[in-house]
Structure formats: C-alpha cells, structure tokens
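Q: First the structure, which I've put down as structure tokens, then a few questions once you've had a look.
2 protein chains.
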Amino acid sequence: MHAEILTIGDELCRGEIVDTNSSYLASRLWDLDITTRWMTSCNDRESDIADALRLAVARSDVVLCSGGLGPTEDDLTVDVVSGLCGVAPSIDEAARIHLEQRFAGRIEVSPLQLRQVRVPTGARIYSNPVGLAPGFEVTVRDIPVICMPGVPRELHGIFDKHVERRLTELREARGDVERIARRIYRVFGRGESQISAACRGIVDDVAGATIHYQLKFPETLVKLVVRDRDQAAANARLQGMDSILRARLDPYLYGTGDENLVDRVMRRLLEAQLRVATAESCTGGMIGELLTRMPGSSKAFVGGAIAYSYDEKTRQLGVRKETLDAYGAVSEPCVREMAAGAAERFGVDYAVAVSGVAGPDGGTPEKPVGTVWLALAGPEALGIVTKKLSWPGSRDQVRTLAAWWALRMIDAAISMQLPDHEERQRAQRILVGEVKR
Amino acid sequence: MHAEILTIGDELCRGEIVDTNSSYLASRLWDLDITTRWMTSCNDRESDIADALRLAVARSDVVLCSGGLGPTEDDLTVDVVSGLCGVAPSIDEAARIHLEQRFAGRIEVSPLQLRQVRVPTGARIYSNPVGLAPGFEVTVRDIPVICMPGVPRELHGIFDKHVERRLTELREARGDVERIARRIYRVFGRGESQISAACRGIVDDVAGATIHYQLKFPETLVKLVVRDRDQAAANARLQGMDSILRARLDPYLYGTGDENLVDRVMRRLLEAQLRVATAESCTGGMIGELLTRMPGSSKAFVGGAIAYSYDEKTRQLGVRKETLDAYGAVSEPCVREMAAGAAERFGVDYAVAVSGVAGPDGGTPEKPVGTVWLALAGPEALGIVTKKLSWPGSRDQVRTLAAWWALRMIDAAISMQLPDHEERQRAQRILVGEVKR
Chain A
13 MHAEILTIGD ELCRGEIVDT NSSYLASRLW DLDITTRWMT SCNDRESDIA DALRLAVARS
73 DVVLCSGGLG PTEDDLTVDV VSGLCGVAPS IDEAARIHLE QRFAGRIEVS PLQLRQVRVP
133 TGARIYSNPV GLAPGFEVTV RDIPVICMPG VPRELHGIFD KHVERRLTEL REARGDVERI
193 ARRIYRVFGR GESQISAACR GIVDDVAGAT IHYQLKFPET LVKLVVRDRD QAAANARLQG
253 MDSILRARLD PYLYGTGDEN LVDRVMRRLL EAQLRVATAE SCTGGMIGEL LTRMPGSSKA
313 FVGGAIAYSY DEKTRQLGVR KETLDAYGAV SEPCVREMAA GAAERFGVDY AVAVSGVAGP
373 DGGTPEKPVG TVWLALAGPE ALGIVTKKLS WPGSRDQVRT LAAWWALRMI DAAISMQLPD
433 HEERQRAQRI LVGEVKR
Chain B
13 MHAEILTIGD ELCRGEIVDT NSSYLASRLW DLDITTRWMT SCNDRESDIA DALRLAVARS
73 DVVLCSGGLG PTEDDLTVDV VSGLCGVAPS IDEAARIHLE QRFAGRIEVS PLQLRQVRVP
133 TGARIYSNPV GLAPGFEVTV RDIPVICMPG VPRELHGIFD KHVERRLTEL REARGDVERI
193 ARRIYRVFGR GESQISAACR GIVDDVAGAT IHYQLKFPET LVKLVVRDRD QAAANARLQG
253 MDSILRARLD PYLYGTGDEN LVDRVMRRLL EAQLRVATAE SCTGGMIGEL LTRMPGSSKA
313 FVGGAIAYSY DEKTRQLGVR KETLDAYGAV SEPCVREMAA GAAERFGVDY AVAVSGVAGP
373 DGGTPEKPVG TVWLALAGPE ALGIVTKKLS WPGSRDQVRT LAAWWALRMI DAAISMQLPD
433 HEERQRAQRI LVGEVKR
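In structure tokens, the structure reads:
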C-alpha cells in the first residue's frame, strides 16, 4: 500500500517554515506498514492544489493532506476537495458548536471564523481534539483522501484519535494483512552514529526484522520492527531481540514507548511523592519549564532559582563568594553549592543545579563552549553527585542537552531508591562520570 | 519563473529525518524572486526519481534537486539524470583529485568511494567547498536541472558558491525581470483571523500587491508583497500601503523584518543597558529561558524566581500570606507583590511576574483555564502595571502566550522611555487593559 503526503501552504513554498508534518506522517505511516512513496508541497493556489490532488490519487493508494483548513481566505483545501468530489462545502455542526462554546462570551464568531468548520458535504468527519478545524475523508477516483489541519498539534491529535485506526482498516481491507511487532527504545546520552554502531547486526538473521533510528534531539529513538503474517510470531521474534538490544544500549536507554524523558521524570516524581527544585544558570529556566509541562506538576515541582549572575548565585542559593572567586561559576564546587543551597532553601527531596558555557562566546581553553557542570543534591544516602558535560554544540543544543541531563540525573536518582539491583546499577552508571559525546 | 525542488531519500519518506533542504532552497529562491511552485520528495528508487524529474521539467522552469549523490549503492541520482540526458556518468577529475588528497594516507579510495565524484558526462560542474560530491547542472527537455548533495552544509556551500549566481543569470536570461518589494510585519496579541479581518481590502486596488499571513504561535506574521518590472515602482506602492497597514495593526504590531519579539526585547534591553529579572509561576521558567536564548543576555538578565508553590511566592518574593489567602495566587494583588518583590530583591530596572491557570485542570468559574495575571514593576514613572489574559488554549499555548505577553510588557515599557510621543502612546495601550483573544 503506497501513500502520498500532500502539504499545502505558501509559507512552505516560500521556505518560511520547515515542513515537519510530512516527516511526522511518513513516520506514522511507516509504523503502520504503509510506504510513503511521494511527498509533495504546493502553494495555496486553487489550481495547484487540485493538480496535486489529481496526480496523487492517480499514483497512490491513499492520500494524506495537511494544511489549508484555517479561517482565512487563502485556506482553500475544503473548496478544492469539494470541487473534486462534485459537492458543495457545508458547515460541520459539531465543530461549529464546539467553536461557539470555545468562544462563548469572549469573542464574537464571525463568518470568517466559520470557514474553518466547513467540510465537503458528505465527508467522513474526524473531529479535532485540540483545535477547531475538523479533519475529514473523501473519496476521489476511488482513492481515500484524508485532510487534516496544518497546525502540527492538531494534525497529531486527529491522527492519533482517528486516522491511525482508519488507515489500518484501509490496509486490511486491501488484504494487506502483514502484522507488525515493534518497540521504540528511547536513548539519551549518546549520538545517533554511536547508537547505530552499537546496534549493528542485531536484526541480521531475524526474518522480517528491521531497525531504524530517529534523531529527536537531544534523544535518539531506536525502532525495532518485525513483520510477519502471524502477529504472535512477529511478537516472539521481537521479544527475542529485546534483551540483546537493551544490553547494547545500556546505560543510555532510559525507556520504551511514547513517553519521553520529560514526562517520565515528572510521572515518577509524582508516583513516588517526591519534591524537587532547580538552580539554573546557563539553562536560564529551561529545566523548570520542562518540569512544569505536565499538568499536576505543582505537586512535585516546588520552584527554582534562576541565578544568572554571580551575585544571584550567592543571594538566592548561598554559593560562597570564595568559591566563585577560586573556581568560577562553571565549576564542580559552584554547582555543588548551588544544589545544596537549593535543596535546603526550597526544602525538597532533590535539587538539581546547572552552570555552563552555552556559547557561542565565553569559552576559554580550560572551559571551552559546551562545558557544563551539573549537580544533584538528594537524600542522605545519595548525597551530592556531580557530572561534567563537554559537548561542543550550538548554544541552543548545549542548553537543551544540559537540561535533559539534569532530568536524567533526577530520573537515575529515583531509580537508586528501587529494590531492583540491576536498575540501581544502571542508575549508578548514569550518575557517575564525565560525559563526552 | 517557477521552480521545483526535488529531495531524494528513503530516510525522508520513512520520516526519519525532517527535510530542511526544501525550506532552505525555497527561502533562498524566494529571495531571488523565484517562486517555488512544487516541492517533491521521493525514495531512492530509480524509476521514482526518473518519474519525479520528468514531471518536474514538464511543469517548472528550473529544477533544484538534493540527495542521492553519495557513495553508497542506493545513491542513484547521477545514474538517473545521466539516463534522462542520454549520456553516461563519468568521473569528475577535479573532484577525484580532491577526494584522493582528502583521504591521502588515511583510507584507501575504493570504487565505492569514487561513486560520489561521478557526474553526467558534459554536465556543468559546481565544486563542493565543504565536502566531496560535486554538484552539477544538466538540461533536460530544455529545463535546467541543478543537482546538489543532500547533506545540508554541503548543499548550502554549493548554493552559496555557485547556484545563487547561476539562478540570477537564468532568471535574467528569460527576461523575467519582475522585481519584488516586500515587508514582514510582526503582530502579537491578536489571533490570525482577527488580524486578517483587520487587513481586509488593503491590497485590493494596488497593482501586483498581495498580502499573506503566517501563524507562528503565538505571533502572526503579515507579509506585504508588491511585484513590478520596476523595483522603484514596487517599493513605492509598498510604501504607500505601509502606514495604512500599521494603523490597522495598531497596537499589536511590534516590529518588522526578521527579528522576533524574543530577540527584540533582549536587544533593546542591552542597547538601553537595562537589567531585568523574572518572577514566574505558571510559566515555570519559560520567560527566563526566552530571555537567555540570545548570547550576551547575561548583561541584561540577572536571574529569576520560579515560585510554583504558595510558600515559595512568599519565601522568594515576599508575597504576603494574607494576599494569597484573600485573593489566591492567580490575582492582581499577588502578581503585583511578586513583581515588586522581584524588582527589589534582584535590584533590577524591570521585574516581570506571571501567575495563571495553565490548565487543563485547576480552572474555576471565576478563574477559568487560561486566566493569567501579569505584572511589570519598573522605574518610578511607570510604577507597577498589571494585565489580565483570558484565552482558553492548551496548557502549552497558555504558558507560551503568557511568557510572550511578559516580554511584550517589557518591550512596551522600554518604549515608554522614548521621546517619540506616538510610540509612547502605543506602548501605553499595550501596558493597560485586559486582553481577550
């Protein structure tokens, strides 16, 4: 089964935004055993959208389309698709009600606003769980065409809620019944090429098995896939490779599945009823921002000190002036005192501290750009552990990597309290030692 | 002059990497007054690459192609393009010498390595300033096809060194000398549909003029474009619309060009030698993170308090317990005390405070999800100004909107110190009043 992905928007064709929807959809299709053969982007021009759709239904088995469903007059997807189907656009009543409830008493619903709840008459509707414009599916020359909004989170929401299941149904209706067993391994702390080198050969003698890598900076996803007409056989072969892969990725494998490190750490803090605080310099608040992404995080996250200047490290966290004078702010003694000061002042179980040279300026021969010191202060048994990063990336990358390492240290510290001896050992390896990448 | 961009690679069609080459090329073409009409991605499959190229030369005036020029056996671009031109691939001697010098004494140059220095015989060669595989240009059915490697920095290097000049030459040879005048207006504080409604009709009677909207949450870019064979005429018509558009977007227009609000605020703080601190609750560190994105921000950003809990609002910022008991944390009195406390304790010119209900839980009838209070404490003349947001979005959107409003308040406060009376009045309108969206 071959798919075509069509993304629509002048902003794409002017290079104003990078098209992440195509790769998102291609990756989801790949997971569903559907091969994306063509990905096309075109402008918000009626005749181009129509040409692109005509071509897509002529050379593909299913078409996924994103963009052009918004409220403005250059959002034309509904009009073009309706034209190709020989129907008129009409208001989707459920979406209209949702829109009016959303705006109730706040702003007036204008005719322009209503544009975004139109669909081709008779289309199969895919309600939008996070936004206003619904997705929909029509059939053009016997080929299913599924349209979704261009806003990535709305596209993701509609895909998760409706389209994934629908595509499976379409694939199986074609008698295309190969089953897939797959697992996503989430790896943080090593680069993509080191990870792919570590995994070499794992799938070589396993029938129907493939391995794929996806860099989602700062983590890498390793995807193990086994295909077989028999689901149980696929599952068994996948399971057979699991422990080998885990050993190869140790200790940088932190989890499997869809939960990333940010969500994992907050979930585990909440489960264990632990309280945490942050002391940030070069990350400037990024760790706090990550820790508060999840609803309910206030039960675990108490607060943080962003101590960008020397004086603030002293005032907010009690770092001694002598320490700063002797070792500088980017030093093990400084982050130790930052973490200890935060743990005490915020009265928390864990406090994490970060200070580094994010660059691009400010590097020295002893402390080049990318040098970051981290410290985690925890309960008595743990004490204060520190870690030095040394990875020369862009300012944004250095800061993101540092913030994720701070989370990874909290994650490992939680594991240190578990009864499982092996898990404690893996956590120990994460908490100790210098990291070069 | 219409361009087509073709990017080739299985990794694109499996969604393993995001295609940044297409947007890079589209944006460079846009700057050269060449409209990208189609962007296509396909797999490393000989017949698909050939089909894509045949289609591209049939519907475009120039084709830019990236990928498939590497040394491995699935790099097939040279073979396919040679086939379409009816020539054989041959080694580019200059590139071969470069490759051998590069590998001298380190690794042996294998036949596989030599694959990447092949070109279609007779092609125009574009040497690669940063890598091994040269770019090249051939003519297929009278249409120029320019091929470059898929590695972004090699593509950029070849584009800068050769392709930019070549495209200008091609465009002018066509007598296609339409010039573009354009300006980007950056708007924050109103939704895309309200902004497009406000701009309605502006370009209607202006020859060659178009207006485009791009939502880059939480801001919207309004792009005004005028095309004419005479650059001065295009510029003049653009300038003629400028003041009308500015009036329509007032006071939510904060700037023009490529600089976004985050960079603008930090630049202005640095220029005015002002110092700032943050007091964050629901944004959890996001404002601090934004303020520290720019290198050199430590001269203006002193630090911040992330005060997620009641106790921390009191301990770190001196918010009175009675205030919290009487009004709650999401209230004007609370953010007033947060901002005043931060300004005093951090010893800064400006302190900004945020407290809100980010959701999805925690809303009440009086304080529904999306209710956010902001306060800015500034020099004596300004005092403390507060603002209430009330916009029901997702947790992430509410937080991002709140963080940007905090920056916008700082931005407006800086404008309040300027001599320009009109600019002060606009700033005043931003600083005062409730914001509904």
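Listed in order, the protein sequences are those of chains A and B. Numbers given in this note's numbering equal positions in the first sequence, counted from 1, plus 12. Numbers given in this note's numbering equal positions in the second sequence, counted from 1, plus 12. Where is the CB? At the ideal position from N, CA and C, for every residue including glycine.
#1: Considering only C-alpha positions, which residue in the set E16/B, V199/B, M253/B is nearest to D216/B?
#2: Any beta carbon of chain B sitting closer than 8 Å to that of V129/A?
#3: Just how far apart, CA to CA, sit V75/B and Q285/B?
#4: Any idea if A221/A is buried or exposed, counting beta-carbon neighbours within 10 angstroms, 16 or more meaning buried?
#5: So, for K448/B: in the same chain, excluding its five sequence neighbours on each side, which residues have a beta-carbon less than 6 Å away from its beta-carbon?
#6: When the Cα atoms are used, what is the spatial distance from G374/A to A389/A?
#7: Based on the DSSP output, what are the partners of H224/B in its beta bridges?
#8: Quick one, which of S35/A, R153/A, D60/A, R114/A has its alpha-carbon nearest D73/A's?
#9: Excluding the five sequence neighbours on either side, which residues of its own chain have a C-beta within less than 7 Å of the C-beta of T2/A, listed in chain order?
#10: Helix, strand or coil for K451/B, going by three-state DSSP, please let me know.
#11: For chain A, is any of its Cβ atoms less than 8 Å away from the one on Y320/B?
#12: Pull up the DSSP beta-bridge partners for L18/A, would you.
#13: How would you list, in chain order, the residues of chain B whose beta-carbon sits under 9 Å from the beta-carbon of L37/A?
#14: Across which residues does DSSP place L388/B in a beta bridge pair?
#15: Mind checking I256/B: buried by the 16 CB within 10 Å criterion, or exposed?
#16: Buried or exposed for E324/B, please, with buried defined as at least 16 other CB atoms from any protein chain shown within 10 angstroms of its CB.
#17: For the putative contact between C97/B and T89/B, defined by C-beta atoms under 8 Å, what is the C-beta separation to the nearest angstrom?
#18: With burial defined as no fewer than 16 other Cβ atoms inside 10 Å of the residue's Cβ, what is the status of S53/A: buried or exposed?
#19: With 9 Å as the C-beta to C-beta threshold (strictly closer), list the residues of the region 44-68 of chain A near chain B in chain order.
#20: At a Cβ cut of 9 Å, what residues of the region 297-313 of chain B count as close to chain A, listed as they run along the chain?
#21: Taking I396/A as the reference, give the member of V384/A, T376/A, M350/A with the closest Cα.
#22: List, in order along the chain, the chain A residues whose C-beta lies closer than 8 Å to that of Y225/B?
#23: Report buried or exposed for P161/A, applying the criterion of at least 16 other Cβ atoms within 10 angstroms of its Cβ.
#24: Does the beta carbon of R194/B come closer than 8 Å to any beta carbon on chain A?
#25: I'd like the list of long-range same chain contacts for G19/A, defined as Cβ closer than 6 Å, with 5 residues on each side in sequence excluded.
#26: Under 8 Å, do R71/B and W50/B count as touching if we go by C-beta distance?
#27: Less than 7 Å between C-beta atoms, sequence neighbours within five positions excluded: which residues of the same chain meet that for R26/B?
#28: What does the alpha-carbon distance come out to for the pair V131/A and L111/A?
#29: If the cut is a Cβ gap below 8 Å, which residues of chain A does G315/B touch?
#30: What residue does the alpha helix (DSSP H) around G169/A start on, and which one ends it?
#31: Between the region 237-255 of chain B and chain A, which residues of the former have a C-beta closer than 8 Å to a C-beta of the latter?
#32: Write down every uninterrupted run of the beta strand (DSSP E) in the region 106-164 of chain B whose length is 3 residues or greater and which is fully enclosed by it, in chain order.
#33: Looking only at its own chain, which residues have a Cβ that is under 6 Å from the Cβ of G353/A, when we skip the five neighbours before and after it?
#34: Among A38/A, E166/A, R327/A, E23/A, which has the Cα closest to the Cα of G21/B?
#35: Tell me whether the region 176-196 of chain A and the region 240-251 of chain A touch, counting them as touching only if at least three CB pairs, one residue from each stretch, are closer than 8 Å.
#36: If contacts are defined as beta-carbon pairs under 8 Å, then W385/A and E334/A qualify, I think. What distance do you get, rounded to the angstrom?
A: Quick look at the numbers:
#1: M253/B
#2: no
#3: 49 Å
#4: buried
#5: Unreliable placement is indicated for K448/B, whose pLDDT of 47 sits below 50; the coordinate value is still reported in the next sentence. Closer than 6 Å at Cβ, skipping near neighbours: S402.
#6: 27 Å
#7: K235/B
#8: R153/A
#9: Only positions 13 to 449 of chain A appear in this structure, which leaves residue 2/A out of reach.
#10: For residue 451/B there is no data in the structure shown, the boundaries of chain B being 13 and 449.
#11: yes
#12: T52/A, C77/A
#13: G27
#14: V364/B, V397/B
#15: exposed
#16: buried
#17: In fact, because the Cβ distance is near 12 Å, the residues do not count as touching under 8 Å.
#18: buried
#19: T47, T48, R49, W50, M51, T52, S53, C54, N55, D56, R57, D60, D63, A64, L67
#20: G297, M298, I299, G300, E301, L302, L303, T304, R305, M306, P307, G308, S309, S310, F313
#21: M350/A
#22: T84, D86
#23: buried
#24: no
#25: This sequence places Thr at residue 19/A; Gly is not what is there. Hits under 6 Å: D31, N33, S34, S53, S78, G79.
#26: yes
#27: none
#28: 14 Å
#29: A317, I318, A319, Y320, S321, E324, Q328
#30: 164-170
#31: none
#32: 130-132, 136-138, 147-152, 155-160
#33: L329, G330
#34: A38/A
#35: yes
#36: About 17 Å; that fails the 8 Å criterion.
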